Structures are given as structure tokens and as C-alpha cells.
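S.K.:
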Amino acid sequence: MTVKEYNNAVREFGDHVYRFIFRSIKDSHRADDIVQDTYEKLWLCVTEIEYGPVKSWLFSTAYNRMIDVIRKDSRLVGVEYYDDSSLYAEENGSDLNEVLHRALETLPAAQRSVILLRDYEGYSYKEISDITGLSEAQVKTYIFRGRVALRNYLVKTSVWQ
Amino acid sequence: MTEDMDYPHLTPRGDRLPSGNKLFRRAGELSDDQFDLLAAAWAGDALDGDALAELEEVMSANPGKRDRAESFHRLHLTPVNETWPSGRSFLRPSPIRVAFRRTILPALMAAAAMMALIILGPAGARLKTTISTKSTPGPVAMTTAEIPASHPIIAEQKRYEPRAGTPAGSEDRVPADFPDEILSAAVEPVRAMPLALGYGQAGPSTVATPAVVGISTLSIKEISPSLVMQEEKNWMLRSISFLASAVTGKDKEIDGYMIANGCITGINSILGWEMDLEQVSNKSGEPIAVSFSSSLLSFTKPVNKTTP
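Top to bottom, those sequences are chains V and D. Residue numbers for the first sequence follow our numbering, so the first one is 2 and each next one is one higher. Residue numbers for the second sequence follow our numbering, so the first one is 239 and each next one is one higher.
1) Could you tell me whether the Cβ atoms of residue 16 of chain V and residue 322 of chain D are closer together than 8 Å?
2) For a cutoff of 8 Å on Cβ pairs, would you count residue 85 of chain V as touching chain D?
3) Would you mind stating whether residue 7 of chain V and residue 43 of chain V have Cβ atoms separated by less than 8 Å?
4) May I have the straight-line CA-CA distance separating residue 521 of chain D from residue 352 of chain D, to the nearest angstrom?
5) From the DSSP output, read off the bridge partner residues of residue 531 of chain D.
6) Does residue 65 of chain V get closer than 8 Å to chain D when you measure Cβ to Cβ?
7) Verify the CB distance criterion: does residue 144 of chain V have a CB-CB separation below 8 Å to chain D?
8) I'd like to know if residue 134 of chain V contacts chain D, where contact means its C-beta is closer than 8 Å to some C-beta of that chain.
9) From this set, V/5, V/124, V/115, which residue's C-alpha is nearest residue 48 of chain V's C-alpha?
10) Closer than 8 Å by beta-carbon distance: list the chain D residues that pair up with residue 116 of chain V, in chain order.
11) Report yes or no: do the region 339–357 of chain D and the region 479–498 of chain D share at least 3 C-beta pairs separated by less than 8 Å?
12) Mind checking which residues open and close the alpha helix (DSSP H) that includes residue 280 of chain D?
13) Within a Cβ cutoff of 8 Å, which residues of the same chain sit near residue 265 of chain D, ignoring the five residues on either side of it in sequence?
14) Decide yes or no for the touch test of the region 112–126 of chain V against the region 20–31 of chain V: beta carbon pairs closer than 8 Å, at least 3 of them.
15) For chain D, check one thing: does any of its Cβ atoms lie closer than 8 Å to the Cβ of residue 52 of chain V?
16) Among residues of its own chain, excluding the 5 on either side of residue 131 of chain V, which ones have a beta-carbon nearer than 8 Å to its beta-carbon?
17) Between residue 315 of chain D and the rest of its own chain, which residues show a CB-CB distance below 8 Å, the 5 nearest in sequence each way excluded?
18) Identify, in the order they occur along the chain, each residue of the same chain with its Cβ nearer than 7 Å to the Cβ of residue 27 of chain V, setting aside the five sequence neighbours on each side.
19) Of all the CB atoms in chain V, is at least one closer than 8 Å to the CB of residue 274 of chain D?
20) Spell out whether any CB of chain D is found under 8 Å from the CB atom of residue 60 of chain V.
21) Using a beta-carbon distance below 8 Å, is residue 373 of chain D in contact with chain V?
22) State buried or exposed for residue 274 of chain D, treating a residue as buried only when at least 16 other CB atoms are found within 10 Å of its CB.
23) What three-state label does DSSP hand residue 129 of chain V in the structure shown?
24) Which one of V/111, V/148, V/38 has the shortest CA to CA distance from residue 134 of chain V?
25) Taking the Cβ atom as the reference point for each residue, do residue 519 of chain D and residue 508 of chain D lie within a distance shorter than 8 Å?
26) Please confirm whether residue 252 of chain D has its beta-carbon closer than 8 Å to some beta-carbon of chain V.
27) Roughly how many angstroms lie between the CA atoms of residue 512 of chain D and residue 532 of chain D, to the nearest whole one?
28) Please report the residue range of the alpha helix (DSSP H) in which residue 21 of chain V lies.
29) Determine the DSSP secondary structure at residue 604 of chain D, reduced to helix, strand or coil.
30) Quick check: the region 276–287 of chain D against the region 62–70 of chain V, are at least 3 beta-carbon pairs closer than 8 Å?
31) By alpha-carbon positions, which one of V/2, V/155, V/36 ends up nearest to residue 50 of chain V?
32) With respect to the alpha helix (DSSP H) encompassing residue 329 of chain D, which residues constitute its N-terminal and C-terminal limits?
33) What is the DSSP secondary structure of residue 298 of chain D, counted as helix, strand or coil?
Given below as C-alpha cells:
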């Protein structure tokens, strides 16, 4: 990959990778750090990577880095517990997309990530499997369960009857 | 017989599950959660074959189930406009730009700094001194070269002397309407002489008499080299001031110290050096000296106030 192609990768995919990580962990500073680490890694091996699969490479590297960060944080501060009652507070007059994003935050990290890859980037189940390292069947299960959970959230918050 | 004894194995009998028939289920008997999971797969185009046929059968039998399944199509997240804050800083400059920034730009800035230091520093002061001692308000003299009488030019002039009385028809014919005073003046030696332009105190001299038409004394006393130099410096500083005001939008006069200080700051920021240029002022705020210090060289130079 040339310097020009690297810069194209920054311009074309930087926002996409950041959006994916930010929505997955809901922390802008950490998301920024993770994406910076990812591009730093890309720059270090810029001559070894072709431009074609660079988008998948970026998502895969950022995803793995995010998993490392989540594991490290959970070791430091313990597992985060949610209060179910606050999760299903009634949604009033919000845009469906906004409500869905709030509902997304209630999902486990693995389900959240695969749904984001599917919806935001339009990756196939196979591509998501390659990026996350999960089997294709696992990816499908996470996505379908996540969808059911999203639907249940909308019903419980009275957005859908 | 021998083989059966060597490798004995059990053969299953025809035992049957007594309640087997009760365990069969139809698609319509799926619970809501099970149906939702299938519906989510259907909305995600992940169902095919028998599974798809069964779900279609359930949905066709129950319109409410179809609506429920189709609601999963609306559960699609759309990206919000979120941009990576550090994106721009991760763009890498092209090698040509890097080379320009690392070599040519510092070289140009160093050259500019050198020029400013020369103008402000000892060399500039010397230049000023040289100009001021040699440039006096008096006229510029033209020094005539001493030519011996035996020189061919003189000899030739002497040969021309009797020409005034030369009768018409000779090669050096003089027109009849030629003025008499010129002809009389032509008796004096008029010749081309090598000249040297000097800056002395002597008055202007002529190489030919003023009476000769077309030849007049050349007076260049108005031209003062020191003024020319001063004008050039002012012109440069005015240009830099104009450019600076065009870029910053503020009218601020630029002097040599500001140029030198700017160059040194630029070099420090690019190369990481620690050079320092300070202006020392007296109590009334007038600059009296410039102090330069670096790890290799330090000096203090009084400010030449006549330098712009």
C-alpha cells in the first residue's frame, strides 16, 4: 500500500471504524485511542498490506483491540451491572433510530458489535465472522438474539405496541 | 463361530419410545420467542429451504404473525454523523512535502536569518560605515587620465590643428554653415579619454568645452550611494511589512529584529534547537543592543540606529 492509499484509508474508513468502536463501547476517548492504535499499526506495516482488504483489516484490528481494552477494564473495575428498570424507562417522542441506539446500549458487547457491523457497514455474516473471529453460526445467533432484544426493548418502552 | 467368539457385539432390539407420537410439533405451535428468533433470521435473509417454508406457512395462516415478523425489517440501525476527531492528524504527508519541510524550508529560513543578521550585525554596520565615509554631499568628480603628449591621440589632434584653415575639398570638410564659435573651439584639444568615476571632492571637469554642441558636462552630484542603499533597505522592509500585513490582516511595521527573531523561532521549532535572540532596550524603551545566545555561540551587538 502506498502513502497515498494509506491516506485514502484514513479519509475513507477512519470515521467508519471510529463510529463502530464508539457505538460499541460508548466512550469517545477510548474509541479515539483504539482507532489511533489501529492506524498506527497499519502505518507500521503499510508496505505489507494491500489496499483491497484494508477495510476489513482495520475493523478486525480495531475490534480485537477493543476486546483487549474491555477485558483489561473489566479486570480493573469489575463487571458492570445494569439496573433493568432504568433500561426500560418510557421513551417519549424520540426518533426510532435514536431509540434503537439507546436499545443497542443494553445489549451485550458481542451482540452489539455484530449488529453494528451488519447494519452500519453492511457486512455479510461470513465477513463479520472473519472480522470478529467468531463462527458464522455464532454471528447469526448473536444478531438474531440481538434483534429480538431490540424489539423487546421497543415494546417494553411503549414505542411499539 | 470362531469369529463371533473373538469379536462379540450387541445388536439393538426393536424397542420404541412409547410416547413418541406426542412429541411431534407443527410450525403453528412455536412460542412467541421461538417465532421471533425465526422471524429475525427471516428478516436477515438467513432462512432457506424447509425453515423458510414452515415460517411462510405460519405467517400465511396467521396475519398477526406476519406483521410481527415484518416488524423486524424496521429494526435497522442507521449510522449517526460521528466523525473521528483525530482523523486529520493521521494523514501522512507525501515524501516530496516531507523533503521540502525538512530541508528546503529550514535552509530558506536559515538564509533569511543570515541576511537579517548580516543587515543588523557587524557586516551591516561596516557596510554602513564604508558608505557614509565615502559618500559626501559634494559633487562627484570625473577624474581625467593623464596622457603624455607623445601619445598617438595627442599627436593626431596636433595633426588636426591646422584643419581650420584647410581649404574646401579636403577629406575633413567642414560645412559652410557650421558656426564659427564651434570652429574656434575645435582648436582646443577634444579627444576621447578613458574616464574613471570617483567619489572625490573635486568639482566637475569637462572633457570637452561646453560650447561644443552635443557634448555637455555630466553632473551626477545628486546621486548619493548611501541614499540608494537606504532606499533599497526600506524597499525590502516595506515589502516584507506589506506581505506580513496581507497575511495577518494587521498593519504592523516589520523591522530587522522581528525578521531575525521570527527566523530563529522557526528554526528552533523545526530543528529543536535552542537559539535565543533578545532585544535590550534602555529606560525610554529604545533598543540599544541585540543579544544572541545558543549552545555554540553567544554575543551582544549594539543596535545601529541608522539601520532601518
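Backbone N, C-alpha and C fix where the C-beta goes; we use that ideal spot for every residue, glycine too. As the structure is a computational prediction, the values presented were derived from the model and not from experiment.
M.R.: Considering the structure as presented:
1) yes
2) Note that residue 85 of chain V has pLDDT 48, beneath the 50 cutoff, so the model's placement of it is unreliable and the number below is only indicative. Residue 85 of chain V does not count as touching chain D.
3) yes
4) 29 Å
5) D/514, D/536
6) no
7) yes
8) no
9) V/5
10) 315
11) yes
12) 270–281
13) 292, 293, 295, 296
14) yes
15) no
16) 57, 61
17) none
18) 106
19) yes
20) no
21) Note that residue 373 of chain D scores a pLDDT of 46, beneath 50, so its modelled location is shaky and nothing firm can be said.
22) buried
23) helix
24) V/111
25) no
26) no
27) 6 Å
28) 4–26
29) For residue 604 of chain D there is no data in the structure shown, the boundaries of chain D being 239 and 546.
30) no
31) V/2
32) Run containing residue 329 of chain D: none; DSSP gives neither H nor E here.
33) helix
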